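Only one structure is covered here, and it is reproduced in the block below.
2 protein chains.
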Amino acid sequence: MEEVSRNVKTQSAPKTISQQVYERLRDEVLTGSLHPGVWIREHDIASAWSVSRTPVREAVRRLAHDGLVESSPNRGVRVRVLTPQEVHDVYELRELLEGTAARRAAERADTSDVERLRAHLGHIDALPASEPAAHIRADEAFHDVIVAMAGNEALSDLTRRLYGRVARVKVITRDTNTNAQTRAQHHAIVEAIAAHDPEAAERAMREHIRTFKEIVAERLQREPEPQSD
Amino acid sequence: MEEVSRNVKTQSAPKTISQQVYERLRDEVLTGSLHPGVWIREHDIASAWSVSRTPVREAVRRLAHDGLVESSPNRGVRVRVLTPQEVHDVYELRELLEGTAARRAAERADTSDVERLRAHLGHIDALPASEPAAHIRADEAFHDVIVAMAGNEALSDLTRRLYGRVARVKVITRDTNTNAQTRAQHHAIVEAIAAHDPEAAERAMREHIRTFKEIVAERLQREPEPQSD
DNA sequence: GTCCTACGGATTGTATGCATGATACACTTT
DNA sequence: AAAGTGTATCATGCATACAATCCGTAGGAC
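Take a look at the structure:
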């Protein structure tokens with residue numbers, strides 16, 4: 009197993025080891041390398057990546073705070089199992105929060121905002137269906153821009169956290185990101201915002217999220233997440 | 009300065025030292041013992057309370073994640089300064105989220121829920137005005153119960169985070185917690201839920217939060233938070 | 001007088017050793 | 001054979017030592 013880079017000053021982004029371990033661990037949970045139910049032992053991660061337990065410990069705590077792993081006191085942490093109920097709840101919240109954000113965005117948008125939004129949309133439409141990971145990132149950025157347009161930093165923070173919490177299930181909707189309905193919904197949202205129509209913007213956003221909520225719910229029911237233990 | 013209790017098995021609630029340090033530190037930030045802008049140095053806290061830096065470090069990280077302190081890389085953490093804008097944004101979100109929660113609570117409440125809610129309200133009304141910290145905790149618990157009644161775990165999580173983020177400004181409304189208007193609003197919320205009237209419940213909750221939003225905004229404008237450095 | 005550099009102090013970031021608590025399994029007892 | 005108990009084992013919780021980094025400051029060059 010390869011080591012975590014230590015004193016590489018050229019890559020300034022993730023400076024501390026703790027940060028690197030956090031990002032890598034998070035990636036493995038989100039992409040499914042670490043299945044739900046698996047125990048994460050500090051010593052194992054530390055020796056596998058040639059770091060000490062301290063930064064691993066910190067990274068694990070952050071994951072617990074993010075809701076990606078659950079900790080048993082004095083026993084360790086394990087990757088959380090996403091229940092259909094939890095996914096449903098999160099999508100319900102996203103509908104409320106992002107619906108409101110879209111409304112506010114329609115009220116406040118200026119021409120440069122709309123321009124940036126159209127650019128993002130064009131970027132999404134241009135992505136080939138063969139790169140689901142890029143699609144997921146682009147979609148997240150698209151939603152992020154709209155929420156940011158609402159001008160409420162705390163709202164942006166919350167929706168980002170919500171997004172991270174269910175990011176793992178987005179993988180099962182990867183084929184849906186490119187179909188005609190999704191594109192139409194994206195365009196409807198953007199046009200409502202561009203037309204400064206708050207009602208239509210909120211309606212379009214809520215419908216968009218509701219569509220995905222139902223798709224995810226149905227597929228999770230058919231084939232639950234793979235689990236270990 | 010008194011020590012943090014270590015192996016006292018009689019008090020089982022806050023088991024780990026890290027947890028005790030976290031709760032105590034959080035209390036000091038919320039009650040204003042630690043002013044905005046003050047640097048929190050791990051070593052100082054550790055030696056003052058006779059523990060090692062490790063649990064202090066963990067506690068401080070959790071505070072950072074809660075948004076109560078901000079960290080400069082390799083420099084330390086300091087108590088955050090709350091801007092009026094940020095407070096406004098958070099209260100706006102609370103109005104949306106808790107208003108919705110109250111609506112759902114009114115739809116779903118059974119008799120035992122209502123009973124528990126009334127018990128909490130009685131507890132709040134019985135608290136002496138001389139203990140603002142206890143009041144803040146009790147008020148938080150009250151809101152928490154209502155949100156929990158909505159039956160959306162993710163919603164509970166989010167509102168708890170939001171609450172923690174502005175809990176410090178609640179200190180400047182400590183006299184308001186005990187006045188007649190606040191009590192009346194609390195009772196209005198509970199009665200609307202008890203009567204299974206979703207519309208009234210949401211309206212009452214939004215009005216309650218809006219009232220505090222305005223009080224906090226006005227007072228913050230008059231006299232900004234005390235700062236050090 | 002101003003700017004650049006090098007050094008020193010202080011604080012966080014990391015590593016490691018030891019203590020504590022929990023669980024699993026085997027052994028005893030009924 | 002089943003239930004209860006004791007012990008071995010292992011992972012976390014905590015303490016402490018060491019390394020890396022940042023900021024301020026003093027000193028010198030121009």
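So the sequences go chain by chain: Z and E. The numbering of the first sequence is our numbering, which starts it at 9 and goes up by one. The numbering of the second sequence is our numbering, which starts it at 9 and goes up by one. Don't be surprised by glycine CBs; every beta carbon is placed ideally from N, CA and C. None of the values given here were measured: they were computed from a predicted structure.
Asked, Found
"DSSP three-state assignment for residue 75/E, whether helix, strand or coil", "coil"
"Nearest neighbour of residue 238/E, chosen from 143/E, 35/E, 85/E and 80/E [CA to CA]", "Because chain E in this structure spans residues 9 to 237, residue 238/E falls outside the shown range and cannot be described."
"7 Å CB neighbourhood of residue 137/Z in its chain, flanking five on each side removed", "186"
"Short CB-CB distance (under 8 Å) between residue 92/Z and chain E", "no"
"Residue 14/E versus residue 82/Z: straight-line alpha-carbon distance, rounded", "For residue 14/E, the predicted model reports a pLDDT of 46, less than 50, meaning its position is unreliable; a value from the coordinates is still stated below. When rounded, the distance between both Cα atoms is 16 Å."
"CA-to-CA distance, residue 120/Z to residue 19/Z, given in whole angstroms", "Caution applies to residue 19/Z, whose pLDDT of 39 falls short of 50 and renders its modelled position unreliable; the value that the coordinates give is listed next. Roughly 32 Å between the two C-alpha positions."
"is_contact[residue 221/E, chain Z] using C-beta, thresh 8 Å", "no"
"Short CB-CB distance (under 8 Å) between residue 101/E and chain Z", "yes"
"Residues in the region 66-83 of chain Z having any Cβ partner in chain E nearer than 8 Å", "66, 69, 70, 73, 75 and 81"
"Under 8 Å by beta carbon: chain Z residues contacting residue 23/E", "81"
"Classification of residue 89/E by the beta-carbon crowding that lies within 10 angstroms, buried from 16 upward", "exposed"
"Per DSSP, the bridge partner or partners of residue 47/Z", "86/Z"
"Residue 181/E: contacting residues in chain Z (beta-carbon distance under 7 Å)", "Within 7 Å Cβ-Cβ: nothing; residue 181/E doesn't reach chain Z, min ~19 Å."
"Spatial neighbours of residue 115/Z in its chain, beta-carbon cut-off 8 Å, leaving aside the 5 residues before and after", "204 and 206"
"Interface partners of residue 161/Z on chain E, CB under 9 Å", "93, 94 and 97"
"Assigned exposure category for residue 17/E - 16 Cβ within 10 Å defines buried", "Below a pLDDT of 50, predicted positions are generally treated as unreliable, and residue 17/E, at 36, falls in that range; no measurement from the model is reported."
"Residue closest to residue 155/E, alpha-carbon to alpha-carbon, out of 170/E, 34/E, 36/E and 72/E", "170/E"
"Residue 25/E beta carbon less than 8 Å from that of residue 87/E", "no"
"Where residue 138/Z falls: helix, strand or coil (DSSP)", "coil"
"Proximity of residue 29/E and residue 56/E at Cβ, strictly below 8 Å", "no"
"Chain Z within 8 Å of residue 33/E, Cβ atoms only", "no"
"Proximity to residue 118/Z [Cα-Cα], best of 224/Z, 158/Z and 139/Z", "158/Z"
"Contiguous alpha helix (DSSP H) assignments of at least 4 residues, all confined to the region 160-215 of chain Z", "161-174 and 188-202"
"Supposed contact pair residue 153/Z and residue 202/Z - C-beta distance, whole angstroms, cut 8 Å", "So it is not a contact: roughly 13 Å between Cβ atoms."
"Under the three-state DSSP convention, the category residue 26/E falls into", "helix"
"Cβ-Cβ separation, residue 179/E to residue 140/E (assumed contact under 8 Å), whole Å", "6 Å"
"Within 8 Å of chain Z by C-beta, residues of the region 142-167 of chain E in sequence order", "160, 161, 162, 163, 165 and 166"
"Contact belief for residue 167/E with residue 104/Z at Cβ below 8 Å, rounded distance in angstroms", "Not confirmed; about 12 Å, so no contact."
"Residue 133/Z, buried or exposed, once every other Cβ within 10 Å from all chains shown has been counted against 16", "exposed"
"Whole-number beta carbon distance between residue 228/E and residue 177/E, since they are thought to touch under 8 Å", "7 Å"
"Status (buried if at least 16 other CB within 10 Å, exposed otherwise) for residue 183/E", "exposed"
"Per-residue burial, residue 100/Z [other beta carbons within 10 Å of its own, 16 or more giving buried]", "buried"
"C-beta contact flag for residue 188/E and residue 113/E at 8 Å", "no"
"Sheet register partners of residue 80/Z (DSSP bridge)", "84/Z"
"Under 8 Å from the C-beta of residue 104/E: neighbouring residues of chain Z", "104, 105 and 108"
"Of the residues 35/E, 27/E and 23/E, the one placed nearest residue 172/E, counting alpha carbons only", "35/E"
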